[in-house]
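**Student:** Got a structure here, written out as structure tokens. Questions coming.
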Amino acid sequence: MGKFQKAIFVFSALLLLVIASLASTIRLRAQEEERYFFTLHLMVPKGNVIRQNVGEVLTSEFPKIGIKLELHIVDFSEFLDRIRGAPKTWEEGGYDLFLVQTGYGFDPSGIRTYFHSEGGLQIFNFSNGILDKLIDEGDKTIDPAEREKIYLKASEILYYELPVIPYWRVVNTFLLSADVKGFSPYYDTDGCNEWEIPGKDVIRYVQPSDADNLNPIFMQTGYSVRAVGDPVYDSLVRYGENFQLEPHMAKSWEWVNNTYIIFHLHENIRWHDGVPFTAEDVKFTYETIMNKDVGAVDYSRFSEVIKRVDVIDDYTVGVALNEPYAAFLDYIATHQIIPKHILEDVPPADLVNHWTNTGEGGQYPIGTGPYKIVEWKVDEYIKLVANEDYFMGPPKTKEIYMMVIPESATALAALQKGDVDILNDWFGWTPEQINEVKQNPKLTTAPYPIPGPQLVGINCGHPILNNRNVRWAINHIIPREKIIKELCGGVAGREAYQYLAPETLGHNPNLPKVEYSIEKAKQYMELAGYKYEWLEPPPPPPAITTTGIVVAVVCLVVGIAIGFVVGKMGRR
Numbered sequence: 016m017g018k019f020q021k022a023i024f025v026f027s028a029l030l031l032l033v034i035a036s037l038a039s040t041i042r043l044r045a046q047e048e049e050r051y052f053f054t055l056h057l058m059v060p061k062g063n064v065i066r067q068n069v070g071e072v073l074t075s076e077f078p079k080i081g082i083k084l085e086l087h088i089v090d091f092s093e094f095l096d097r098i099r100g101a102p103k104t105w106e107e108g109g110y111d112l113f114l115v116q117t118g119y120g121f122d123p124s125g126i127r128t129y130f131h132s133e134g135g136l137q138i139f140n141f142s143n144g145i146l147d148k149l150i151d152e153g154d155k156t157i158d159p160a161e162r163e164k165i166y167l168k169a170s171e172i173l174y175y176e177l178p179v180i181p182y183w184r185v186v187n188t189f190l191l192s193a194d195v196k197g198f199s200p201y202y203d204t205d206g207c208n209e210w211e212i213p214g215k216d217v218i219r220y221v222q223p224s225d226a227d228n229l230n231p232i233f234m235q236t237g238y239s240v241r242a243v244g245d246p247v248y249d250s251l252v253r254y255g256e257n258f259q260l261e262p263h264m265a266k267s268w269e270w271v272n273n274t275y276i277i278f279h280l281h282e283n284i285r286w287h288d289g290v291p292f293t294a295e296d297v298k299f300t301y302e303t304i305m306n307k308d309v310g311a312v313d314y315s316r317f318s319e320v321i322k323r324v325d326v327i328d329d330y331t332v333g334v335a336l337n338e339p340y341a342a343f344l345d346y347i348a349t350h351q352i353i354p355k356h357i358l359e360d361v362p363p364a365d366l367v368n369h370w371t372n373t374g375e376g377g378q379y380p381i382g383t384g385p386y387k388i389v390e391w392k393v394d395e396y397i398k399l400v401a402n403e404d405y406f407m408g409p410p411k412t413k414e415i416y417m418m419v420i421p422e423s424a425t426a427l428a429a430l431q432k433g434d435v436d437i438l439n440d441w442f443g444w445t446p447e448q449i450n451e452v453k454q455n456p457k458l459t460t461a462p463y464p465i466p467g468p469q470l471v472g473i474n475c476g477h478p479i480l481n482n483r484n485v486r487w488a489i490n491h492i493i494p495r496e497k498i499i500k501e502l503c504g505g506v507a508g509r510e511a512y513q514y515l516a517p518e519t520l521g522h523n524p525n526l527p528k529v530e531y532s533i534e535k536a537k538q539y540m541e542l543a544g545y546k547y548e549w550l551e552p553p554p555p556p557p558a559i560t561t562t563g564i565v566v567a568v569v570c571l572v573v574g575i576a577i578g579f580v581v582g583k584m585g586r587r
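Residue numbering for the sequence shown is 16 to 587, as defined by my numbering.
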């Protein structure tokens with residue numbers, strides 16, 4: 016082959032390489048181009064790994080309907096700062112969307128906190144006059160059947176207006192020895208008189224932190240209530256299975272009118288020192304909490320709700336309210352009663368430092384409950400012994416140790432070795448730990464649902480999210496089943512579609528489940544005014560404008576090169 020032919024061959028090969036390279040570049044650029052209607056920002060507070068993983072999942076779901084979602088994992092302090100007041104958009108220092116769990120207690124009146132346009136926190140920028148009226152009416156309606164009708168309507172409004180999107184309701188789990196009998200996750204330590212292990216006189220119950228106070232009017236944590244409040248004291252009414260209220264120290268009650276309730280007390284209840292329990296103890300407890308000098312945790316609620324307490328006779332007590340308050344039984348009557356004969360002569364400001372609250376000098380509080388405190392080693396255990404004179408009958412186990420083990424792995428190892436018997440639900444058990452226990456024939460689990468849902472909080476004042484159709488589009492692309500099965504391991508939650516839980520008065524069983532459907536989500540986006548042809552890439556330009564130009568340029572280069580070669584050969 017001559018030099019001229021070799022030159023032609025080389026430049027022809029270069030021509031093919033250049034064309035292939037340019038064509039590949041054009042294809043890649045077309046594939047990489049992404050189109051969205053708009054961008055939203057999702058804020059997730061640090062601390063709950065499953066919830067953070069949900070955020071990651073949603074960042075892959077939103078683009079399927081033309082929404083770009085940017086995830087922000089933030090400190091809880093920043094989260095609170097951004098949601099306070101009537102929040103602005105994320106870019107203005109507020110938020111667009113967030114993931115968090117909200118609670119409302121066990122009574123539906125708790126929805127006021129988040130959804131009443133005047134009495135609520137206003138963190139969702141949501142206002143609905145009809146819902147406001149229903150919430151106000153529900154607070155003042157005493158009859159349960161009438162209240163249910165009110166909150167069924169409220170649930171319907173929240174479902175369709177969608178200021179928040181519930182998607183996951185947490186299921187908490189106790190881990191325990193399979194030998195433990197009589198344990199209910201709903202009663203927890205409030206039912207400890209029924210616990211037993213056949214052939215044993217001792218049960219060891221474990222939680223990650225110790226009690227902070229021994230007197231229930233000063234208790235600031237659930238750890239105190241579980242270790243001391245429920246086993247040592249009693250209340251007029253209490254929560255039973257499925258969080259339903261049931262009589263306890265009060266065998267019955269009746270509302271005389273919307274602002275006056277009468278309780279009829281059991282006549283066989285005695286304090287641990289043998290002194291009879293009477294209506295005077297109820298009056299003393301409520302009035303002590305209402306005394307500002309005492310510094311009781313529930314001072315504000317009691318003083319706002321209660322007008323006066325009347326001792327009608329030794330076993331009948333009446334309570335007059337300042338105004339109708341339907342949640343009285345939930346938030347007032349469930350408070351444990353303290354002994355008048357022990358504390359009536361203690362100056363109010365000194366009660367917090369009294370031995371009945373501190374255990375100073377080895378003296379421990381006097382209650383009416385199924386167990387008495389006999390020893391407290393701070394941050395190690397509280398030892399309880401059975402009250403054989405308990406009004407519901409002698410407890411089935413002689414001693415209970417309320418133990419403290421801060422680390423979940425250490426606590427689980429102790430359970431597996433048989434050193435402890437019950438691990439409470441506040442360790443935050445992972446799906447892996449729960450499944451590990453389930454596979455052990457010597458152990459078992461006791462799950463129970465938490466009413467307050469994990470949800471997508473929506474800034475309804477956002478210029479895009481104020482459109483209900485956009486909110487419903489988002490509702491249909493949340494993969495609830497995937498979240499429960501894959502992220503929660505099938506054990507740490509259940510799907511949620513409406514705000515109030517099935518166990519709560521006002522949960523509306525007629526509201527349909529929300530299916531995961533990209534097609535339905537797109538339909539809602541279309542209703543909101545977003546047309547998917549907007550997202551389609553423009554058609555490729557005519558061949559002459561791309562391939563033609565490329566070929567022309569390459570031919571020009573090759574032509575010049577060939578001319579150069581021929582010129583050199585001609586000069587030889």
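By construction, the Cβ of each residue, glycine as well, lies at the ideal position given by its N, Cα and C atoms. Predicted, not measured: the structure shown is a model, and the values here were computed from it.
1. Hey, quick one: how far does the beta strand (DSSP E) through Tyr463 stretch, first residue to last?
2. In this structure, does DSSP put Glu414 in helix, strand or coil?
3. Which of helix, strand or coil does DSSP assign to Pro362?
4. Could you name the residues of the same chain whose beta carbon sits closer than 6 Å to that of Glu390, not counting the 5 residues immediately before and after it, in chain order?
5. Look at Tyr220 and Asp436 and say whether their C-beta atoms are less than 8 Å apart.
6. Between Ile473 and chain B, is any beta-carbon pair separated by less than 8 Å?
7. Can you tell me which of Glu133, Tyr174, Leu86 puts its alpha carbon nearest to the alpha carbon of Asn525?
8. I need the DSSP call for Ile493, collapsed to helix, strand or coil.
9. Across the stretch 279-295 and the stretch 235-242, are there enough close Cβ pairs to call them in contact, namely three or more that are closer than 8 Å?
10. Quick check: Ala461 and Phe141, are their CB atoms within less than 8 Å of each other?
11. In terms of residue numbering, what span does the beta strand (DSSP E) encompassing Ile192 cover?
12. So what does DSSP say about His356, is it helix, strand or coil?
13. Are Ala426 and Leu438 close, meaning C-beta to C-beta below 8 Å?
14. For Gly62 and His281, what's the separation of their Cα atoms in angstroms?
15. Looking only at DSSP bridge pairs, what is Trp270 linked to?
16. May I ask which residues mark the beginning and end of the alpha helix (DSSP H) holding Met540?
17. Enumerate in chain order the residues of its own chain whose CB-to-CB distance from Leu69 is below 7 Å, with the five nearest sequence positions on each side excluded.
18. Taking the C-alpha atoms as reference points, what is the distance between Ile150 and Glu163?
19. Under 8 Å: do the stretch 459-477 and the stretch 510-522 share three or more Cβ pairs, one atom per stretch?
20. With distance defined between alpha-carbon atoms, name the residue in Val485, Tyr463, Glu548, Glu447 nearest to Lys500.
21. Between the Cα of Gly476 and those of Ile449, Phe139, Val297, spot the shortest distance and give me the residue it belongs to.
22. When DSSP labels each residue in this structure, what does Gly333 get in the three-state scheme?
23. Any chance the stretch 351-367 sits against the stretch 191-206, with 3 or more Cβ pairs inside 8 Å?
24. Could you give the residue range of the alpha helix (DSSP H) that holds Glu209?
25. Can you tell which of Leu366, Ile145, Glu133 has the C-alpha that lies nearest to the C-alpha of Asn228?
26. Can you tell me which of the three DSSP states Phe53 falls into?
27. Rounded to a whole number of angstroms, what is the C-alpha to C-alpha distance between Lys411 and Asp203?
28. If I follow the unbroken beta strand (DSSP E) through Phe85, where does it start and stop?
29. How many whole angstroms separate the CB atoms of Thr349 and Ser250, which I take to be in contact at a CB cut-off of 8 Å?
30. If we call anything under 8 Å between Cβ atoms a contact, is Ala429 one with Ile415?
31. Would you call Asp205 buried or exposed, if buried means 16 or more other Cβ atoms sit within 10 Å of its Cβ?
32. Looking at Pro246: is its Cβ nearer than 8 Å to the Cβ of Cys207?
33. Counting pairs of Cβ atoms below 8 Å between the stretch 300-314 and the stretch 370-383, do you hit three or more?
34. Express the C-alpha separation of Tyr110 and Ile98 in angstroms, rounding to a whole number.
35. With 16 other CB atoms within 10 Å as the buried threshold, where does Ile284 fall?
**Tutor:** Here's the rundown:
1. Reading the sequence shown from its first residue, position 448 is the one you call residue 463. Segment 458-473, the beta strand (DSSP E) holding Tyr463.
2. Translated into positions along the sequence shown, residue 414 becomes position 399. Three-state result, Glu414: strand.
3. To locate residue 362, count along the sequence shown from 1; it is residue 347. Pro362 falls in the coil class under three-state DSSP.
4. Your numbering for residue 390 matches position 375 in the sequence shown. The residues are Lys398.
5. Start at 1 with the first residue of the sequence shown, and residue 220 comes out as number 205. Start at 1 with the first residue of the sequence shown, and residue 436 comes out as number 421. Going by C-beta atoms, Tyr220 is nearer than 8 Å to Asp436.
6. The chain labelled as chain B is not found in the depicted structure, where only one protein chain is given.
7. On the sequence shown, position 510 is the one that residue 525 refers to. The residue with the shortest Cα to Cα distance from Asn525 is Tyr174.
8. On the sequence shown, position 478 is the one that residue 493 refers to. Here Ile493 sits in coil by DSSP.
9. Remark: fewer than three beta-carbon pairs, one from each stretch, lie closer than 8 Å, so the stretch 279-295 and the stretch 235-242 are not flagged as touching.
10. Taking the first residue of the sequence shown as position 1, residue 461 is located at position 446. Taking the first residue of the sequence shown as position 1, residue 141 is located at position 126. Between Ala461 and Phe141, the C-beta spacing is not below 8 Å.
11. Here residue 192 is taken as the residue at index 177 of the sequence shown, counted from 1. Residue identity differs from the one stated: residue 192 is Ser in this sequence, not Ile. Per DSSP, Ser192 belongs to the beta strand (DSSP E) from 179-192.
12. Reading the sequence shown from its first residue, position 341 is the one you call residue 356. Three-state result, His356: helix.
13. The residue labelled residue 426 in the question sits at position 411 within the sequence shown. The residue labelled residue 438 in the question sits at position 423 within the sequence shown. It is a contact, given that the beta carbons lie within the stated cut-off.
14. Working through the sequence shown from its first residue, we reach residue 62 at position 47. Working through the sequence shown from its first residue, we reach residue 281 at position 266. Roughly 45 Å separates the two Cα atoms.
15. For this step, residue 270 is matched to residue 255 along the sequence shown. Its beta-bridge partners are Ile276.
16. For the purposes of this step, residue 540 is taken as residue 525 along the sequence shown, with counting starting at 1. Unbroken alpha helix (DSSP H) run through Met540: 533-542.
17. Walking along the sequence shown from the start, residue 69 turns up at place 54. Note that residue 69 is Val in the sequence shown here, rather than Leu. Cβ neighbours of Val69 beyond the five flanking positions: Leu114, Ile498, Leu502.
18. For the purposes of this step, residue 150 is taken as residue 135 along the sequence shown, with counting starting at 1. For the purposes of this step, residue 163 is taken as residue 148 along the sequence shown, with counting starting at 1. About 12 Å.
19. yes
20. Here residue 500 refers to the residue found at position 485 when the sequence shown is read from its first residue. Checked all of Val485, Tyr463, Glu548, Glu447; the closest Cα to Lys500 is Glu447.
21. For this step, residue 476 is matched to residue 461 along the sequence shown. Selected option, being the one with the closest Cα: Phe139.
22. Indexing the sequence shown from 1 puts residue 333 at position 318. Gly333: strand per DSSP, three-state reduction.
23. Look at the beta carbons and you see the stretch 351-367 not touching the stretch 191-206: under three pairs across the two are nearer than 8 Å.
24. Indexing the sequence shown from 1 puts residue 209 at position 194. Glu209 -> no alpha helix (DSSP H), and no H or E assigned at all.
25. Numbered from its first residue, the sequence shown carries residue 228 at position 213. Ranking Leu366, Ile145, Glu133 by Cα distance to Asn228 puts Leu366 first.
26. The sequence position of residue 53 within the sequence shown is 38, counting from 1. The answer is strand: DSSP assigns Phe53 an E or B state.
27. Taking the first residue of the sequence shown as 1, we reach residue 411 at position 396. Taking the first residue of the sequence shown as 1, we reach residue 203 at position 188. The alpha-carbon atoms of Lys411 and Asp203 are separated by roughly 15 Å.
28. Within the sequence shown, the letter at position 70 stands for residue 85. The identity of residue 85 in the sequence shown is Glu, whereas the question assumes Phe. Where Glu85 is concerned, the enclosing beta strand (DSSP E) stretches over 82-89.
29. Locating residue 349 in the sequence shown gives position 334, counting from the first residue. Locating residue 250 in the sequence shown gives position 235, counting from the first residue. About 5 Å separates the two Cβ atoms, so the contact holds.
30. Position 414 of the sequence shown, counting from 1, holds the residue named residue 429. Position 400 of the sequence shown, counting from 1, holds the residue named residue 415. No, they are not a contact pair.
31. As a first step, residue 205 must be located in the sequence shown, where it is residue number 190. Buried.
32. The sequence position of residue 246 within the sequence shown is 231, counting from 1. The sequence position of residue 207 within the sequence shown is 192, counting from 1. Pro246 is a Cβ neighbour of Cys207, given a cutoff of 8 Å.
33. no
34. Position 83 of the sequence shown, counted from the first residue, corresponds to residue 98. Position 95 of the sequence shown, counted from the first residue, corresponds to residue 110. Roughly 7 Å separates the two Cα atoms.
35. One-based indexing of the sequence shown puts residue 284 at position 269. With 16 or more Cβ atoms within 10 Å of its Cβ, Ile284 is classed as buried.
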